[in-house]
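Enquirer: In order, the protein sequence lines correspond to chains A and B.
Reading the first sequence from the start, the letters are residues 19 to 248 in the numbering used here.
Reading the second sequence from the start, the letters are residues 19 to 248 in the numbering used here.
First the structure, which I've put down as C-alpha cells, then a few questions once you've had a look.
There are 2 protein chains.
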Amino acid sequence: MKTIPVDHFFRGAFSIDMVLITFTGNELKVLLQEKVDPPHEGELGLPGKLILPNEDTDRAMNNFMIDLIGTNEFYKKQLKAFSDVNRHPLGRVISFAYYGLIPFEQLTEPLAEGLSWHNSYEVSGLCFDHDRILKSVLKRFRKGLLRHPTVFEILPKKFILSDVKRIYDLAFDTELDSPNFRKLIRKSDLIYPTGEIMYEKDFIGRPPKYYSFNRERYLGEFKERIHFYF
Amino acid sequence: MKTIPVDHFFRGAFSIDMVLITFTGNELKVLLQEKVDPPHEGELGLPGKLILPNEDTDRAMNNFMIDLIGTNEFYKKQLKAFSDVNRHPLGRVISFAYYGLIPFEQLTEPLAEGLSWHNSYEVSGLCFDHDRILKSVLKRFRKGLLRHPTVFEILPKKFILSDVKRIYDLAFDTELDSPNFRKLIRKSDLIYPTGEIMYEKDFIGRPPKYYSFNRERYLGEFKERIHFYF
DNA sequence: TCAAAAGTGTTTCAGCTACACCCATGA
DNA sequence: TCATGGGTGTAGCTGAAACACTTTTGA
C-alpha cells in the first residue's frame with residue numbers, strides 16, 4: 019500500500035443548502051432561488067452557497083438566512099450531508115442540507131432578489147440533487163409531525179384548529195376526521211384557547227376560536243415506546 | 019463583500035467510520051479498534067480512516083470492511099456526517115459514520131490486529147467524537163427495531179424466538195412479556211419455523227424451535243401511519 | 001417429579017374510529 | 001331559514017397487556 023501525502027486528503031469543499039418551509043394560502047410552500055452562477059445559472063434550486071472549510075455550518079447558515087430573509091429566528095436543523103461524488107463540476111462538494119420551518123407572519127421583510135415561494139408538493143426539476151434533498155425534508159417533516167409538536171413551528175402565534183388539521187392533511191395527503199383530530203390535539207395539553215375568536219372577512223360558517231402553543235408544557239424528547247409497525 | 023479564490027473552498031478532508039454491531043453471548047457488541055496514529059494512538063475508537071475527496075464513500079467503506087473483517091456482505095447504511103470543526107488537528111475533517119449489523123456466525127475470519135468486540139452499552143471514553151457517534155447509532159438501531167425487520171440482520175439464518183426477544187430487551191433495557199412478544203412477531207408473518215428444534219448442550223428447559231426470516235415477504239418501506247405520540 | 005424455559009389461550013380494558021348531532025355566522 | 005364550517009358527545013370495535021395454563025426437556 020503506497021503512502022499518499024496527507025495534503026491530498028484536504029481537497030474537498032462544503033456547501034450549505036436550506037429547505038425552508040412555510041404555510042400560507044392553504045399550501046405548504048418551499049423557498050427557492052434562481053441560480054446566477056454556473057453550472058446552473060437561470061435554474062431553480064434550494065438557496066445555498068459554498069462555505070469555507072473552517073466555517074461552522076450552523077453559524078454560516080444563520081448568517082446566510084439574515085442575508086436572504088432578514089431573520090434567523092426560526093426552527094432549523096441540519097438534516098444530513100449529501101455526498102454524491104459528482105454533484106459539482108469544480109470538485110467534490112459535500113452539501114449540508116438544513117431544514118427550516120417558519121410561520122408566514124414572521125416573514126416581514128420583502129424577499130431578496132431571485133427568491134420565491136413554491137408549493138412543496140408541486141416542485142420538481144431543481145438543479146443539482148435538490149429534488150432529492152427536498153424529498154428528504156418532506157419525509158422528515160411528516161415524521162416530526164407525528165412525534166413532536168412540529169406544526170406549531172410553522173403556524174402563527176395565534177392559530178385555529180382547522181389550520182392545524184389542514185397541515186396534517188396536506189403533509190399526509192389525507193382527510194383526517196375533524197372531531198377526532200380535535201380531541202387528539204387537545205388531549206395533548208400542548209395548546210390553550212386564547213379566548214379570542216377569529217372574525218375574518220368572507221369567512222363562511224361559524225367563526226373559529228384562536229389557540230396558542232404552550233411551549234413550556236412540552237418537555238424535551240419524544241418518549242420512545244416499544245411498538246411495532248411491520 | 020470581498021471575493022475569495024475558489025480553491026480556498028477546496029481544503030476539507032473526509033473520513034469514514036464504521037459502527038458495526040453484532041449479537042453474541044447474550045450481548046449486543048460493537049467493533050472497536052486501537053488507534054495507531056496521532057493524535058489518539060493507543061486509544062480505543064471506531065474503526066475508520068481518511069478517504070480521498072474523489073472517493074465514493076460507500077465504495078471506500080466496502081473495501082475497508084474487507085480489510086478489517088474479510089467480508090462486506092452485511093447490512094450497512096450511512097448514518098450521517100459528523101461535522102464539528104475541531105475534530106482533527108490537521109484541519110477540517112468531516113466524518114461519514116456508517117452503521118452496520120452482522121450476524122456473529124458470519125464472522126468467520128479472525129479479527130485483524132487491534133480490533134475487538136465490546137458490549138455496546140458499556141463502552142465509553144472513545145477517541146474523537148466516537149462516543150457521540152455510537153450513541154447515535156444505538157438510537158437508530160432502536161428506531162429500526164420498531165419499524166423494520168432489523169433484528170434479522172443481526173441474527174443467524176436459523177434463530178430462536180427468545181433470542182429475538184432478548185435483542186429487544188437489551189436494546190430497550192426492558193423485559194418484554196414473552197407470550198405477547200411471540201404473538202406479535204408471528205403475526206407479522208415475516209418468520210417461519212424451519213421444522214428443526216434446537217438441542218444444545220447444557221440447555222435447561224423445553225428445547226425451542228428454530229425460525230427463519232422470510233425476506234421475500236417483507237416488501238419495501240415501513241408504511242407511514244398517522245399516529246401521534248406527543 | 002421437580003425446575004426451567006418454551007409455547008398457547010383467554011380475559012380485560014384503554015383508546016381509536018365512526019358518526020350523529022348541535023352551534024354560530026353570513027347571505 | 002339555509003348553507004357552511006366550527007365544535008361536542010357517544011357507542012362500538014380493536015388490539016395491546018396481563019396472566020393463567022400447558023408442554024417438553026434435563027436432572
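The beta-carbon is built from N, C-alpha and C at its ideal position, and this holds for glycine as well.
Between B/V24, B/E45 and B/R29, which lies nearest to B/F190 when the distance is taken from Cα to Cα?
Expert: Taking the second sequence and counting its residues from 1, one reaches residue 190 of chain B at position 172. Selected option, being the one with the closest Cα: B/E45.
Enquirer: If you draw a straight line from the C-alpha of A/L86 to the C-alpha of B/I34, how long is it?
Expert: Counting from 1 along the first sequence, the entry for residue 86 of chain A is found at position 68. Counting from 1 along the second sequence, the entry for residue 34 of chain B is found at position 16. Computed Cα separation, rounded: 34 angstroms.
Enquirer: Applying the criterion that 16 or more other CB atoms from any shown protein chain within 10 Å of the CB defines a buried residue, is B/D55 buried or exposed?
Expert: In the second sequence, the residue the question calls residue 55 of chain B occupies position 37. Burial call: exposed.
Enquirer: Roughly how many angstroms lie between the CA atoms of B/M36 and A/Y228, to the nearest whole one?
Expert: Looking up residue 36 of chain B in the second sequence gives position 18. Looking up residue 228 of chain A in the first sequence gives position 210. Answer to the nearest angstrom: the Cα atoms are 50 angstroms apart.
Enquirer: To which residues does DSSP link B/M36 through a beta bridge?
Expert: Against the second sequence, residue 36 of chain B aligns to sequence position 18. DSSP, once it has assigned bridges, lists B/Y116 as partnering B/M36.
Enquirer: How many Å lie between A/I69 and A/T75 at the Cα?
Expert: Here residue 69 of chain A refers to the residue found at position 51 of the first sequence. Here residue 75 of chain A refers to the residue found at position 57 of the first sequence. Distance between the alpha carbons of A/I69 and A/T75 is about 8 angstroms.
Enquirer: Measure the alpha-carbon distance for B/L194 versus B/D181 and round it to whole angstroms.
Expert: Reading the second sequence from its first residue, position 176 is the one you call residue 194 of chain B. Reading the second sequence from its first residue, position 163 is the one you call residue 181 of chain B. Roughly 12 angstroms between the two C-alpha positions.
Enquirer: Could you give the first and the last residue of the continuous beta strand (DSSP E) run that contains B/Y93?
Expert: The residue you call residue 93 of chain B lines up with position 75 of the second sequence. Unbroken beta strand (DSSP E) run through B/Y93: Y93 to F100.
Enquirer: Is A/L179 helix, strand or coil by DSSP?
Expert: Stepping through the first sequence from its first residue, residue 179 of chain A is reached at position 161. Reduced to three states, the DSSP call for A/L179 is helix.
Enquirer: So which residues of chain B does A/T192 contact, with C-beta pairs closer than 9 angstroms?
Expert: Residue 192 of chain A sits at position 174 when you count from the first residue of the first sequence. Here the neighbours are I244.
Enquirer: Closer than 8 angstroms, CB to CB, is B/P71 near chain A or not?
Expert: For the purposes of this step, residue 71 of chain B is taken as residue 53 along the second sequence, with counting starting at 1. Closer than 8 angstroms to some Cβ of chain A, the Cβ of B/P71 qualifies, so yes.
Enquirer: Just checking my contact of B/F114 with B/A99 at CB under 8 angstroms: how many whole Å lie between their CB atoms?
Expert: Counting from 1 along the second sequence, the entry for residue 114 of chain B is found at position 96. Counting from 1 along the second sequence, the entry for residue 99 of chain B is found at position 81. Right, their Cβ atoms sit about 5 angstroms apart.
Enquirer: Chain A partners of B/F28, CB-CB under 7 angstroms?
Expert: Here the question's residue 28 of chain B lines up with position 10 in the second sequence. Result: R29, G30, A31 and G109.
Enquirer: In the structure shown, what three-state DSSP assignment does A/P128 receive?
Expert: Counting from one through the first sequence, the residue named residue 128 of chain A turns up at place 110. Three-state result, A/P128: coil.
Enquirer: Can you give the Cα-Cα distance for A/P174 and A/I120, rounded to whole angstroms?
Expert: Residue mapping note: residue 174 of chain A aligns to position 156 of the first sequence, counting from 1. Residue mapping note: residue 120 of chain A aligns to position 102 of the first sequence, counting from 1. Their backbone Cα atoms lie some 9 angstroms apart in a straight line.
Enquirer: Check A/H136 in the structure and name its three-state DSSP category.
Expert: On the first sequence, residue 136 of chain A is found 118 positions in, with the first residue counted as 1. DSSP places A/H136 in strand when its eight states are reduced to three.
Enquirer: Can you pull out the residues from the stretch 158-180 of chain A whose beta carbon lies closer than 8 angstroms to at least one beta carbon of chain B?
Expert: Cβ contacts with chain B: R160, L164, R165, H166 and P167.
Enquirer: For B/A99, go through chain A and note every residue whose CB falls closer than 8 angstroms to its CB, in chain order.
Expert: For this step, residue 99 of chain B is matched to residue 81 along the second sequence. Here the neighbours are K98, A99, S101, I112 and F114.
Enquirer: So what does DSSP say about B/F246, is it helix, strand or coil?
Expert: Numbered from its first residue, the second sequence carries residue 246 of chain B at position 228. B/F246: coil per DSSP, three-state reduction.
Enquirer: Please go through the same chain and pick out, in chain order, the residues whose beta-carbon is closer than 8 angstroms to the beta-carbon of A/I84, but skip the five residues on each side of it.
Expert: Translated into the one-based positions of the first sequence, residue 84 of chain A becomes position 66. Result list for A/I84: N90, in chain order.
Enquirer: How would you label B/H26, buried or exposed, when you count the other beta carbons within 10 angstroms and need 16 or more for buried?
Expert: One-based indexing of the second sequence puts residue 26 of chain B at position 8. Exposed.
Enquirer: Let me know the secondary structure DSSP gives B/P211 once reduced to three states.
Expert: Sequence index remark: in the second sequence, residue 211 of chain B carries index 193 (1-based). Strand at B/P211.
Enquirer: Are the C-beta of B/Y228 and some C-beta of chain A separated by less than 8 angstroms?
Expert: Within the second sequence, the letter at position 210 stands for residue 228 of chain B. Closer than 8 angstroms: no.
Enquirer: Out of A/K161, A/E59 and A/I244, point me to the one whose CA is closest to A/L144's CA.
Expert: One-based indexing of the first sequence puts residue 144 of chain A at position 126. When each option's Cα is compared against that of A/L144, the closest is A/E59.
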